[in-house]
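Numbering (my numbering), first residue to last: 57 to 284.
Heads up, the thing below is written out as structure tokens.
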């Protein structure tokens with residue numbers, strides 16, 4: 057029996073550019089046949105699309121940021137959908153999905169607000185997290201700087217991003233980049249709205265019980281990439 061997982065999605069609680077709540081996204085993915093989702097809202101460090109107001113104490117910002125995940129997890133427990141925590145950290149237009157950490161980690165690491173990307177990546181890895189470079193070759197009007205790649209700092213590459221299927225060269229270039237550096241590949245929808253659930257993600261032969269299972273399957277080439 058295959059299991060389908062969404063690895064890249066946003067909620068209105070954590071991402072200013074999203075319109076659906078965590079609970080709504082959980083229900084929608086359950087109805088579409090997903091076994092689980094990773095909530096990866098735009099982090100309040102490094103990303104202008106966070107829904108978390110600036111100027112608040114760090115603890116309050118972290119608590120607010122996690123609301124989308126927590127609401128999705130609460131709904132998931134009711135309807136039989138596994139919900140995992142992640143976040144999307146950005147640096148001058150380059151976006152990175154961070155997994156296998158939690159709210160307690162955010163609460164304990166206020167210093168990351170002052171660190172450079174490679175310092176944050178190193179801290180994530182020291183504490184057991186892992187990193188996927190999301191849509192590394194995205195082209196958009198809001199992106200003005202050069203494409204930035206960190207092949208020695210990431211654990212995988214999002215070779216299929218469901219939100220950019222109408223521009224297939226972006227995903228094709230990501231797959232080539234991953235192959236050049238021997239990096240594992242994965243897929244995610246990057247959905248923000250109930251009206252645009254792109255149906256991407258990964259399919260596995262066994263259930264993902266923890267983010268570490270996702271990393272192992274990605275490294276072992278056991279993920280079936282879903283274009284949607």
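The beta-carbon is built from N, C-alpha and C at its ideal position, and this holds for glycine as well.
The C-beta of residue 135 has fewer than 16 other C-beta atoms within 10 Å across all chains shown, which makes the residue exposed. Assigned with DSSP and collapsed to three states, residue 132 falls in helix. Per DSSP, reduced to three states, the secondary structure at residue 187 is strand.
The beta carbon of residue 83 sits closer than 7 Å to the beta carbons of 131 and 135 from its chain, once the five residues preceding and following it are set aside; these are given in chain order.
Annotated as proximal: residue 281 and residue 242, with beta-carbon spacing under 8 Å. With a 10 Å radius around the Cβ and a threshold of 16 neighbouring Cβ atoms, residue 116 comes out exposed. The three-state secondary structure of residue 65, taken from DSSP, is strand.
Burial is judged here by how many other beta carbons sit within 10 angstroms of a residue's own beta carbon; residue 112 has fewer than 16 and is exposed. Counting only the Cα atoms, residue 211 lies some 15 Å from residue 175.
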